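Shown next, in structure tokens, is the structure this report addresses.
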Amino acid sequence: MKYDSSNNINSTTFHVEVYGYEVVVDITAPQWIDIPPNISVDNTTNIVTDFNATDETAIDTYFLNSTAYFNINSSGWFWNISYVPVGNYTLNVSVNDTSNNINSTIFWVEVYGLVDTDPLLYQYFPTEKHIFLYYHHLILLS
1 MKYDSSNNIN STTFHVEVYG YEVVVDITAP QWIDIPPNIS VDNTTNIVTD
51 FNATDETAID TYFLNSTAYF NINSSGWFWN ISYVPVGNYT LNVSVNDTSN
101 NINSTIFWVE VYGLVDTDPL LYQYFPTEKH IFLYYHHLIL LS
């Protein structure tokens with residue numbers, strides 16, 4: 001098997017002759033067609049994206065190295081399961097064919113918290129006692 005700089009796996013198919021019959025052994029991993037770009041979202045946004053691969057025999061399933069916050073189905077649809085805490089997530093997304101050859105890629109998800117841009121308004125209504133103390137301190141300082 002060969003790995004490229006993105007940690008994708010590739011291999012080849014070879015033929016074996018057994019008892020006068022030619023047996024084709026599939027050792028070629030599925031190939032990625034579409035790998036979505038890494039995602040950066042706020043922690044109130046749902047994530048839904050699609051991974052696509054092809055194979056000369058057939059795709060069996062897609063899977064993730066971590067399913068705490070994310071899931072992927074057998075068609076390659078990827079989504080967050082529930083609320084995802086703020087943080088950076090490195091996921092190994094893999095696809096295997098019906099001969100159990102596997103190809104993987106790394107996918108990053110950055111989840112950031114929303115910053116409230118509405119100004120906070122504080123209102124202070126002093127009591128008579130506070131007003132008295134305030135004036136008292138002014139007299140002492142002068």
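Counting in the UniProt record's numbering, the final residue of the sequence shown is number 142, and the numbers go up one at a time with none missing. We treat Cβ as the ideally placed atom computed from N, Cα and C, and that holds for glycine. From a predicted model like this one, the values you see are computed outputs, not experimental measurements.
Proximity below 8 Å, CB of residue i to CB of residue j
i: V93; j: F107; result: yes
i: D97; j: I35; result: no
i: S6; j: T105; result: yes
Neighbour-count burial assignment, residue i, 16 or more Cβ in a 10 Å radius
i: N46; result: exposed
i: G76; result: buried
i: residue 168; result: Any property of residue 168 remains undetermined from this structure, which presents the chain solely from 1 to 142.
i: S142; result: With a pLDDT of 35 at S142, under the threshold of 50, the modelled position of that residue is not reliable, and the figure given next carries that caveat. By the neighbour-count rule (16 or more Cβ atoms within 10 Å), S142 is not buried but exposed.
Inter-residue CB distance, residue i and residue j (contact presumed, cutoff 8 Å)
i: L91; j: F70; result: 6 Å
i: G113; j: D26; result: With a Cβ gap of about 46 Å, G113 and D26 do not count as contacting.
i: I39; j: V109; result: 5 Å
i: S78; j: T44; result: Before going on, a small fix: residue 78 reads as Phe here, not Ser. Not quite, the Cβ-Cβ distance comes to about 18 Å (not below 8 Å), so this is no contact.
Three-pair Cβ contact test at 8 Å for the region 51 to 63 versus the region 27 to 34
yes
With three or more beta-carbon pairs closer than 8 Å as the criterion, would you say the region 98 to 106 touches the region 78 to 87?
With the cut-off at 8 Å, the region 98 to 106 and the region 78 to 87 do not touch.
Where are the beta strand (DSSP E) runs, 3 residues long or more, that stay fully inside the region 57 to 115, in chain order?
59 to 64, 70 to 72, 77 to 80, 87 to 97, 102 to 112
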